[in-house]
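A.B. asks:
In the UniProt record's numbering, the protein residues as written are 1 to 536.
#1: Could you tell me which of 430, 388, 489 and 107 sits nearest to residue 472, measuring between CA atoms?
#2: Tell me the rounded alpha-carbon separation between residue 435 and residue 340.
#3: Is the number of C-beta pairs between the region 96–116 and the region 66–81 that are closer than 8 Å three or more?
#4: Using CA coordinates, which residue listed in 177, 133, 344 and 379 is at the minimum distance from residue 363?
#5: Name the DSSP bridge partner or partners of residue 324?
#6: Taking residue 487 as part of the beta strand (DSSP E), name the residues at either end of that continuous run.
#7: Compare the Cα-Cα distances from residue 467 to each of 125, 427 and 50 and report the closest residue.
#8: Which word fits residue 26, buried or exposed, when buried means at least 16 other C-beta atoms lie within 10 angstroms of its C-beta?
#9: On a CA-only basis, which of 488, 450, 379 and 417 is nearest residue 266? Give me that one, please.
#10: Please determine if the region 80–95 and the region 293–300 are in contact, where contact requires at least 3 C-beta pairs separated by less than 8 Å.
#11: Specify, as a first and last residue, the run of the beta strand (DSSP E) that residue 383 falls within.
#12: Where does residue 89 sit, in a helix, a strand or coil, going by DSSP?
#13: According to the Cβ coordinates, are residue 398 and residue 415 closer than 8 Å?
#14: Starting from the C-beta of residue 22, find all residues in its chain whose C-beta is less than 7 Å away, skip the five residues before and the five after it, and write them out in chain order.
#15: Measuring only the C-alpha atoms, how far is residue 175 from residue 496?
#16: Assuming residue 348 and residue 83 are in contact, meaning their beta carbons sit under 8 Å apart, how far apart are those beta carbons, in whole angstroms?
#17: Below 8 Å between beta carbons: does that hold for residue 371 and residue 321?
#18: Mark residue 260 as exposed unless 16 or more other C-beta atoms lie within 10 angstroms of its C-beta, in which case mark it buried.
#19: Does the separation of the CB atoms of residue 231 and residue 396 fall below 8 Å?
#20: How would you write the range of the alpha helix (DSSP H) that residue 141 sits in, first residue to last?
#21: May I have the straight-line CA-CA distance separating residue 489 from residue 346, to the nearest angstrom?
#22: Do residue 195 and residue 229 come within 8 Å of each other at the CB atom, strictly closer than that value?
#23: In this structure, what does DSSP give as the bridge partners for residue 292?
#24: Counting only the same chain and skipping the five closest in sequence on each side, list residues whose C-beta sits under 6 Å from that of residue 412.
#25: Measuring straight from C-alpha to C-alpha, what distance separates residue 302 and residue 309?
#26: Give me, in chain order, the residues of the same chain whose beta-carbon lies closer than 8 Å to that of residue 87; leave out the 5 immediate sequence neighbours on both sides.
#27: Select from 463, 255, 381 and 74 the residue whose C-alpha is nearest the C-alpha of residue 224.
#28: Return the chain-ordered list of same chain residues with a C-beta closer than 6 Å to the C-beta of residue 107, the five sequence neighbours on each side being excluded.
#29: Tell me which residue opens and which closes the beta strand (DSSP E) that residue 417 is part of.
#30: Measure the alpha-carbon distance for residue 156 versus residue 483 and round it to whole angstroms.
#31: Going by Cα to Cα distance, which pick from 476, 357 and 505 is closest to residue 499?
#32: Using the Cα positions of residue 279 and residue 528, report the straight-line distance between them to the nearest angstrom.
#33: Between residue 79 and residue 316, what straight-line distance do the alpha-carbon atoms span, to the nearest angstrom?
#34: Suppose the cutoff is 6 Å on Cβ atoms and the five residues either side in sequence are ignored; what does the same chain contact list for residue 161 look like?
#35: Whole angstroms is fine: what's the gap from residue 453's alpha carbon to residue 501's?
#36: Note down, in chain order, each residue of its chain lying with its Cβ closer than 7 Å to the Cβ of residue 432, except the 5 sequence neighbours on either side.
The following block contains the structure:
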């Protein structure tokens, strides 16, 4: 009551003197003295890092992974298979509006919104203009990562006018993917160059829980991401690709698994906050996705001799925890013999499995699952790794893209395979692949012998992107390797072809008048994006 009395008395006291107030005084009366006029940029930066792991706002940590990263891309790329349960349009090429909409809705409304505020406040006219320079440029790298993922999903998207509601742009125009990629490459080049250990820290090290303020590692990530984007457009913009491959190599890319981009996760404060979104989507007893490995992946990892472990990929029993029963909300290994591992065929329902196997199939006792050690709720979330970079360098050398790359394509390929096999210990210390195991595998499958060099590179990129299934999907769309066999489940919406993009949210189509003139059309799962050979 005392507080209310003060408000009443204060209001009465304003009645008479108003006539004598000047304009500034009148304006100040409309300012809430308790409102926040400066945002904690350190907090926003931490939130944006969580955002790229699909883990920003409450609920979206599992939503994007469950609906899209898993539900569409993991199945479409045939790393996983689903014969019923969960949302799995990628397994049978079906339509699902949540799967299609999730990245568009959450990316703009979460991490990109936070990053936009950081860039606004550290730019001209912002309250932190000239300050937080390392944070600003790290945020530009995170922004490039988020937008490249977004445009890879849909094609043309709002970019140059995006997240400018405070500037009065409520219906941002759509930009061509070619223009978006050109600007993303420029942004990565400028941001990576501008990062400097001599800049004031201003809380950056504490806010950054990816690299803890290590500017050298941020530079290497910016350049490595530049390499990825440059190679992605290599089929449609070869000169631009060569230019930025050269810049990335000159600037310095990842040099070991110590540079890998991991977003740290936790188990609290609730099941929706700070937990690994992939783990949460699969977690037993939580009504999530089934975790069966695809026959395509298991057969590849078991090698040319399916009845011997001599030429197995050592990742077989890292990615697979064996045949195991999760029905009781716990992991019960049934068979961890490498020779016994069996992947589930894609594109079948329960009756299809029964017909294939010649009788009723108990899925839990028949097919291999993702290793439970890699699905803990506080497991870190991998964003990008050194193995990918080495494989891209091998491809660039094989195709003559860019300059300044030292060594041979074979050396980079071997380094990429080794790094890819030895990068899983952050999930669990037991997930170790020795140098001897790597050497045995490389001896069994010498570079460019059993297959051509490029197909071998592309297949290794495919395996490398386990968990980053949206990226494996993008690599497959660009390279068409591995040579996957599509499924043709009854009622599919792609005429039996693997989906190559997502559809825009219906709310965007109805609510943004610029959709009609700027979006990638036709808005179907079979329309290719620009870098995949679609229209610009």
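Beta carbons are placed, not taken as given, at the ideal position from N, Cα and C, and that holds for glycine.
C.D. replies: Considering the structure as presented:
#1: Looking at 430, 388, 489 and 107, the one whose alpha-carbon comes closest to that of residue 472 is 388.
#2: If you take the alpha carbons of residue 435 and residue 340, they lie about 25 Å apart.
#3: Flag = yes, the region 96–116 and the region 66–81 touch.
#4: Selected option, being the one with the closest Cα: 344.
#5: Beta-bridge pairing links residue 324 to 333.
#6: Neither: residue 487 is in no beta strand (DSSP E) and is coded neither H nor E.
#7: Among 125, 427 and 50, the Cα nearest to that of residue 467 is on 427.
#8: With a pLDDT of 40 at residue 26, under the threshold of 50, the modelled position of that residue is not reliable, and the figure given next carries that caveat. Its Cβ having fewer than 16 others within 10 Å, residue 26 is exposed.
#9: For residue 266, the nearest C-alpha among the options comes from 379.
#10: With the rule of 3 Cβ pairs closer than 8 Å, the region 80–95 counts as touching the region 293–300.
#11: 381–384 is the extent of the beta strand (DSSP E) around residue 383.
#12: DSSP places residue 89 in helix when its eight states are reduced to three.
#13: No. Outside cutoff.
#14: Annotation note: pLDDT 49 at residue 22 (below 50); position unreliable, coordinate value reported separately. The answer is none, since no qualifying residue turns up.
#15: Rounded to the nearest whole angstrom, the CA to CA distance from residue 175 to residue 496 is 30 Å.
#16: Beta-carbon to beta-carbon, residue 348 and residue 83 are separated by about 5 Å, close enough to satisfy the 8 Å threshold.
#17: With a cutoff of 8 Å on beta-carbon distance, residue 371 and residue 321 are scored as near each other.
#18: By the 10 Å Cβ count, residue 260 comes out buried.
#19: Residue 396 sits close to residue 231, with the two beta carbons spaced by under 8 Å.
#20: For residue 141, the uninterrupted alpha helix (DSSP H) run begins and ends at 133–154, by DSSP.
#21: In a straight line, the C-alpha of residue 489 is about 10 Å away from that of residue 346.
#22: Using a Cβ distance threshold of 8 Å, residue 229 and residue 195 do not count as a contacting pair.
#23: Answer by DSSP bridge pairing, in chain order: 369.
#24: The beta carbon of residue 412 is closer than 6 Å to those of 390, 393 and 394 in its chain, skipping five residues each way along the sequence.
#25: Each residue's Cα considered, the two are about 7 Å apart.
#26: So the qualifying residues of the chain are 66, 67, 71, 96, 98, 99 and 289.
#27: If we check each option's Cα against that of residue 224, 255 comes out closest.
#28: Closer than 6 Å at the Cβ level, and outside the excluded window around residue 107, lie 146 and 150.
#29: Taken as a continuous stretch (DSSP letters only), residue 417 belongs to no beta strand (DSSP E), being part of the alpha helix (DSSP H) at 409–421.
#30: Answer to the nearest angstrom: the Cα atoms are 27 Å apart.
#31: Nearest option by C-alpha distance: 476.
#32: So the alpha carbons of these two residues sit roughly 31 Å apart.
#33: Cα to Cα, residue 79 sits roughly 12 Å from residue 316.
#34: Answer for residue 161: 169, 172 and 173, listed in chain order.
#35: One C-alpha to the other measures close to 28 Å.
#36: For residue 432, same chain residues with a beta-carbon under 7 Å away, outside a window of 5 residues either side, are 425 in chain order.
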